[in-house]
Amino acid sequence: MDRETFHNCCSLVKMPRQSHQQHCSSHFIEYIEREIPYSKFFKNYLIPNQPCMFSKKFTEDWNCRKNWVTADGKPNFQRLLHEFDETPVPVANCSAKEYNSNPKQIMPFKEFIQYWREFIQNGHSSPRGCLYLKDWHMQRTPFHADVFRSYSWSANICGRKKWLLYPPGQEEFLRDCHGNLAYDVTAPVLQDKGLYPQFEEACQPLEIIQEAGEIIFVPSGWHHQVYNLEDTISINHNWLNGCNLDIMWQFLQEELSSVQREIEEWRDTMDTWHQHCQVIMKSCTGIDYGEFASFLKTIASNRMSFLNSCPRNADDCQDLLAKSLFALGPQHAAFDLQRVLHIFESMLSNEDFKRLDPSALSFKPEELLQEIREAVRTIV
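Start counting the sequence shown at -11; every next residue gets the next number (my numbering).
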């Protein structure tokens, strides 16, 4: 991130996000055909939370696009088996529904490939249903980032996909009378006003066809449904940074409020009602307020450590700034710290956060805030 981008984006730190409901008519997806500076991507897509599509030029040199794909653009099963063979992988059955998802099983990679080959030979059908290898994590994270309204990019190594994208807030119109999100946004049952009373208020989703080699950027909170139009391999990555920390914090507050409404009738009969609400929320989101605060501290500590390691010599600093156009630099670290500072200030004024047992935190937020202010001051 360059200095100009830093100052422009920091002015947005304490600005509220757009209204809860966003309308599809104001959204479209831009197609990026050539390399753009990170600062431009940051300003045009990360900060405004807008989707975009990168052309296949961005992946043409990837080894997986060369090695995992045959000359005619199909999955190279032989090469994949050579690389992964007995590796256990998670496989979902898309022909079955379990609660509001698909049941999963773990099987050896080679068994899935055998199924896939038979599936193709039988005209893309199988008595075992439509099995889908998904959520195979090459690198584990401490929590499931999808829950936290993370950013996501998805690159098609081969094959084609159709995406249906709803801007943040529109998912509220896709809930049934019990508050559950629709399993399939195209299902005829959504026309039943008794079951889905607000569906007719939902806008038409953005419909996007993703070709082989293209990368789609899906911003935080964009509800989406995806179809593989042919035999497809994709690589996906979810991540978080200073741009969407406020979305995460807002999401957790909404989830806790939902839990509190659900068990409000027991509030006066339980001395530990507030703690139980945190436990229930964690069972749904994977994290509670205390752990989220610790997560923010980890980000802050890493960024402050990075800033402390930055050279003080003017020439060395300019060299680091030039490199930071493609990697974490002092401006980006300072930006993330500004956002963490803003979220912590909000948390300290939140009544539910104030009710946390002090032992739930391994640090004192007030002292951390002072450290962050001093670290940012050296950059600003």
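Note that the Cβ used here is the ideal one computed from N, Cα and C, for glycine as well.
Small disclaimer: the values here were computed from a predicted structure and weren't measured.
Here's a check: name, in chain order, each residue in its chain whose Cβ is nearer than 6 Å to the Cβ of residue i, leaving out the five neighbours to either side.
i: Asn338; result: none
i: Pro346; result: none
i: Glu373; result: Residue 373 is absent from the model: the chain starts at -11 and stops at 368.
i: Leu121; result: Val77, Val79, Phe100
i: His8; result: Caution applies to His8, whose pLDDT of 45 falls short of 50 and renders its modelled position unreliable; the value that the coordinates give is listed next. Correct list, in chain order: Gly157.
i: Trp141; result: Ile203, Phe205, His225
i: Cys52; result: Ile145
i: Gln248; result: Cys265
i: His132; result: Its pLDDT being 43, under 50, His132 is placed unreliably in this model, and the coordinates cannot settle the point.
For residue i, collect the residues of the same chain with a Cβ closer than 8 Å to its Cβ; drop the 5 residues on either side in sequence, then sort them by chain order.
i: Val364; result: Ala322, Leu325, Gln326, Leu329
i: Ile251; result: Trp261, His264, Cys265, Ile268
i: Thr174; result: Leu152, Gln213
i: Gly218; result: Correcting the residue type first, residue 218 is Glu in the shown sequence and not Gly. Closer than 8 Å at the Cβ level, and outside the excluded window around Glu218, lie Gly147, Arg148.
i: Leu316; result: Phe294
i: Met258; result: His264
How big is the Cα-Cα spacing for residue i and residue j?
i: Asn296; j: Phe332; result: 21 Å
i: Pro193; j: Tyr154; result: 5 Å
i: Leu233; j: Tyr33; result: 15 Å
i: Thr366; j: Arg343; result: 34 Å
i: Val135; j: Arg361; result: In this prediction, Val135 scores a pLDDT of 46, lower than 50, which makes its location untrustworthy; the coordinate-derived value is nonetheless stated afterwards. One C-alpha to the other measures close to 29 Å.
i: Glu253; j: Gln238; result: 24 Å
i: Pro91; j: Val57; result: 29 Å
i: Pro76; j: Cys118; result: 19 Å
i: Ala348; j: Phe283; result: 13 Å
i: Phe97; j: His166; result: 38 Å
i: Asp60; j: Tyr277; result: 50 Å
i: Lys35; j: Arg105; result: Looking at the sequence shown, residue 35 is not Lys but Ile. Answer to the nearest angstrom: the Cα atoms are 43 Å apart.
i: Tyr215; j: Phe341; result: 40 Å
i: Pro318; j: Phe30; result: 15 Å
i: Pro299; j: Ala143; result: 36 Å
i: Tyr19; j: Met41; result: 5 Å
i: Cys191; j: Leu69; result: 43 Å
i: Met292; j: Glu354; result: 16 Å
i: Arg255; j: Ser245; result: 13 Å
i: Leu178; j: Asp164; result: 8 Å
i: Ile287; j: Ser334; result: 17 Å
i: Ala84; j: Phe351; result: 46 Å
i: Ile223; j: Ser289; result: 30 Å
Please report the residue range of the alpha helix (DSSP H) in which residue i lies.
i: Leu233; result: 233 to 250
i: Leu329; result: 318 to 336
i: His112; result: Here His112 belongs to no alpha helix (DSSP H), and DSSP marks it neither H nor E.
i: Pro353; result: 353 to 365
i: Trp254; result: No alpha helix (DSSP H) holds Trp254; DSSP gives it neither H nor E.
What residue from the options has the CA that sits closest to residue i's CA?
i: Trp210; options: Glu160, His166, His70; result: Glu160
i: Gln158; options: Arg291, Ser208, Val247, Gly117; result: Ser208
i: Gln358; options: Phe341, Lys285, Leu316, Phe294; result: Lys285
i: Ala80; options: Asn55, Trp124, Pro63; result: Trp124
i: Val206; options: Pro91, Pro63, His225, Ile221; result: His225
i: Leu336; options: Lys31, Leu356, Leu178; result: Leu356
i: Ser138; options: Lys54, Gly230, Leu316; result: Gly230
i: Ile94; options: Glu74, Ser83, Ala170; result: Glu74
i: Pro39; options: Lys54, Phe16, Cys52; result: Phe16
i: Glu86; options: Lys31, Tyr171, Leu316, His320; result: Tyr171
i: Glu189; options: Tyr215, Leu162, Ile197; result: Leu162
i: Cys82; options: Glu18, Pro115, Ile197, Arg53; result: Pro115
i: Gln102; options: Thr257, Ile275, Phe65, His70; result: Phe65
i: Phe187; options: Arg53, Pro176, Leu316; result: Pro176
i: Asn37; options: Asp256, Leu69, Thr257, Leu228; result: Leu228
To which residues of the same chain is residue i closer than 7 Å at the C-beta, ignoring the five residues directly before and after it?
i: Phe280; result: Leu240
i: Trp168; result: A small fix is needed here, since residue 168 is Asn in this sequence, not Trp. These residues qualify, in order along the chain: Asn88.
i: Arg67; result: Asn55, Trp56
i: Ile221; result: Trp56, Pro63, Ile145, Cys146, Gly147
i: Glu243; result: Met269, Cys272, Thr273
i: Ile197; result: Arg148, Lys150
Can you tell me where the beta strand (DSSP E) with residue i in it begins and where it stops?
i: Phe187; result: Unbroken run through Phe187: none, as it is neither H nor E.
i: His125; result: Note, His125: premise wrong, no beta strand (DSSP E); not H, not E.
i: Asn168; result: Counting along the chain, Asn168 falls outside any beta strand (DSSP E), and DSSP gives it neither H nor E.
i: Ile101; result: Not the beta strand (DSSP E): Ile101 falls in the alpha helix (DSSP H), residues 97 to 109.
i: Cys146; result: 139 to 146
Taking 8 Å as the threshold, find out whether the segment 179 to 186 comes into contact with the segment 25 to 34 through three or more Cβ pairs. no
Notebook entry, point to check: Do the segment 146 to 161 and the segment 101 to 114 make contact, defined as three or more Cβ pairs closer than 8 Å?
Noted result: no
Contact between the segment 198 to 209 and the segment 45 to 63 (3+ Cβ pairs under 8 Å): Contact check between the segment 198 to 209 and the segment 45 to 63: three or more CB pairs, one atom from each, fall below 8 Å, which counts as touching.
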